[in-house]
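The structure under discussion appears below in the form of structure tokens.
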Amino acid sequence: MNRIFLSVFTLFLVAESLFASNGSKALLIGIEGYEKVQPLKYVGNDVRALAESFSDRCGFEVMQVIDSSVSEKVSHIGPTTHRDALMKTIESWCAGVAKTDTAILYFSGHGFLDDNGILYLASLNCDAKDPVPGGVPVAWLREQLSNCPARCKVLLLDACHAGTSKRVGNQHASAKALKVEFEKFTDVVTLASCEKDQQSFLWSGKQQSLFTYWLVEAAKGHADRDANSRVSIDELTQYVQRNVSRTAKVLNHEQTPILIGAENSLQPLELKPKAISLKRLIMDMAEKIDSKVRQKELAAVGVPEFASGESGGALGITHGTLPAYIANELTDQIAMLADGDYEVISGLALHKELTRLGVDVSNLETAEISGLKVKGVEISALAIGRIRGREGATFRLGCKLKKPGSVGQLGSANGNCFLNESEWAMLGRSASVSTSITMSNDVEATTITAQRVQSLDAQAMRPHPLLNPNFPFTVEIHVKDSSGEFKKREGIVKGNDYHVTLQNGEVYEIHIIDRSTRGAFMRLLVDGLNTLPQRKNSSDKGISVESVTDGSKWIVAPRVNLAETRAWYLDPATVDANGKIIPKSYGIRGFFKETGDDQEDQYDEFEVTDAPSSAAARKKFTQQIGLITAAFYQPTSPRALGTKRGKEYNEQVEHYRGGKIPGDLIGVLHIRYDEP
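Following our numbering, the numbering of the sequence shown begins with 21 at its first residue and continues without gaps.
Written as structure tokens, this is what we have:
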């Protein structure tokens, strides 16, 4: 009796696209707690990880079977043997697939050969000495899939891992049987987990099968090397081969996936992972980078500021805060995962050293910076990021882990994310939203967001909103003169940009004129830093701030994602007896250090300074220095120059406790300030 160690990824090439946005179904079967043979570890983890990847990322309707031979969705089978129940589950699922569907069948468990060399997939009580009563013949499975009406069929097999039991008989039996059996499938490409003299290993650090782990990561979009939002079969194969073999080597094993039957391909296939939120993608990329840093046993890693495609204008990024925010958030996420096991270099320190060497984001990958050191610490690798492309509200991000000055790369992390309205406002473009986009409740929130971002893109093609007399808000820069009075500094409109000239050493205030009769929330950033301290919570003056009552410490001038920024609340403008709107005016005088009821709140005035001395530079934001961002929101129910913090002053700022939160974006204004 020969035990087969199988771990294969098989593609039935009968459709244009492997992963369709609609009509995609997956049956995921994992047998872990075997009764008569060695139980398998991490099979349930593999099934759940694939289920999440196929469902959340690829839009599949997923059915899971873990250890049971019957899915809850096929409960009509009734009492029977584990083998028969498993076969009936597969048969019922195949029959329920439509002609237009893409179908994926995944099986993780043991595989055995009988005395006649027939290959079986083992059900829960299969006996290795006599696999016929408890095993599903692969030939029968091939027949079921041949009869399945789906336009595209995918079989994933991750069967029996190395180290779980002793192999007997011909040591090459598993590889030979695998090749023979799966070459019999029509129009099939098979990606096997290892070569004939190897075994398929577990990754205890991830608590998954090594091969299936990297399949899951490929399906998330990390294998998309050409940044076209699709993963081809070639990209997937190369990604899995490269990462499985490298990880196995670190674990003191040898394992290289192989491609079987590539000549059977009728036409190239591809998968198209769905976009996820920006924050989730950054966390996902951080996990990949952290994993690579640990595999390579690197001592120190740095994250330079992200670049934005080949041309920032092509992506709709005009010196906004988004690229620098992504780099800083990625740095923070990596540092959290590192947990002191390796050093994550300060973005500001890294930026200063690269600037000293004459290196910026445009020539970072080609610069000769071997042996790069920051404050005496040699940098083992740089996570070099780029916003690689854009399609509507969806952005493609990529990050390469490279040794400074090297040509090759140690690893990569890629993926697609969608921007919400506030994150769109971080692109540096100004726009007003004249009407809200509303859709029925059965429409996904991401679809609504995409429609609103499309509307904002169109609005951003128009002149700056400050030129629109119907826009309900005006933002002005008032500069202190020699007498100590603040006077308005006029600006110049250049297309969608509004420029105000400021000089080093000048002190200024930001004045808001509010003509909205509904009230509004305003998120106000200077050089990408919030004018309010983050995490704390503060009316007759008409302007108040969101209240936070958790008792945490204030963070002054914090770097923030605009979507998560603590906001000012602007009281509604009044209307007189003749129906005339009486605007309200407010002055924001600096970076507030703390706010609270019944106290004089401290702030540091806005003072223009050279870029290296600016508050933004100290917070590692350098690309967006010289940019004031004011984003206005409807109240809704819960569902090269810079500015430094100048002299300290006191002013009482009251907390808003009206029960509303920032809702739909009304508009965003960017004011750029620079030297004459």
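C-beta atoms are modelled at their ideal positions from N, C-alpha and C, and glycine is treated no differently.
In the three-state reduction of the DSSP assignment, Ile365 falls in the coil class. In the displayed model, Glu496 falls within a strand according to three-state DSSP. Here the alpha carbons of Ile497 and Phe652 stand approximately 17 Å from one another. In this structure, DSSP gives Thr375 a helical state, which the three-state scheme calls helix.
Contact annotation: Ser143 and Arg171 have beta-carbon atoms that are not nearer than 8 Å.
Distance from the Cα of Ile404 is smallest, within the candidate group Ser502, Asp246, Ala433, Val495, for Ala433. Annotation: the continuous alpha helix (DSSP H) that includes Asp304 extends over 298-315.
Taking 8 Å as the upper bound for CB-CB distance, Phe127 and Gly155 are not in contact here, some 12 Å apart. By the neighbour-count definition (other C-beta atoms within 10 Å, threshold 16), Ala69 is a buried residue. Taking the CA atoms as reference points, Arg579 sits about 28 Å from His242.
Annotated three-state conformation of Ala478 is helix, per DSSP. The continuous beta strand (DSSP E) containing Cys172 extends over residues 172-179. As far as DSSP is concerned, Leu106 takes part in no beta bridge. Rounded to the nearest whole angstrom, the CA to CA distance from Ala470 to Ala451 is 16 Å.
Judged by DSSP secondary structure, Thr649 falls within the beta strand (DSSP E) whose first and last residues are 647-656. Met446 sits in coil when the DSSP states are folded into three classes, being neither helix nor strand. With at least 16 other beta carbons inside 10 angstroms of its own, Gln84 counts as buried. When beta bridges are read from the DSSP output, Trp223 appears opposite Gln228. For the set Glu325, Lys61, Leu161, the Cα lying nearest the Cα of Asn348 is the one of Glu325. Between the alpha carbons of His690 and Leu582 lies a gap of roughly 13 Å.
A residue is called buried when at least 16 other Cβ atoms come within 10 angstroms of its Cβ; Asp310 meets this threshold and is buried. The DSSP-derived three-state label of Leu487 is helix. As the crow flies, the alpha-carbon of Glu441 is around 30 Å from that of Glu627. Segment contact: the segment 381-390 against the segment 408-416, fewer than three CB-CB distances shorter than 8 Å; contact not assigned. By the neighbour-count definition (other C-beta atoms within 10 Å, threshold 16), Ile110 is a buried residue. Only exposed fits Lys269, as fewer than 16 other CB atoms lie within 10 angstroms of its CB. For Asp254, the uninterrupted alpha helix (DSSP H) run begins and ends at 253-270, by DSSP. Between the segment 144-153 and the segment 118-127, the count of Cβ pairs shorter than 8 Å is below three; the stretches do not touch.
Around the Cβ of Ser220, a 10 Å sphere holds 16 or more other Cβ atoms; the residue is buried. With a threshold of 16 other beta carbon atoms within 10 Å, Ile512 falls short and is exposed. In the DSSP assignment, Ala320 falls outside any alpha helix (DSSP H) and lies within the beta strand (DSSP E) extending over 320-322.
Proximity to Gly425 across Lys604, Lys393, Leu222 peaks at Lys393, based on C-alpha coordinates.
No Cβ-Cβ contact shorter than 8 Å links Ile253 with Glu203. Listed as beta-bridge partners of Lys604 by DSSP are Asp534. Distance from the CA atom of Val397 to the CA atom of Thr494, rounded to whole angstroms, is 48 Å.
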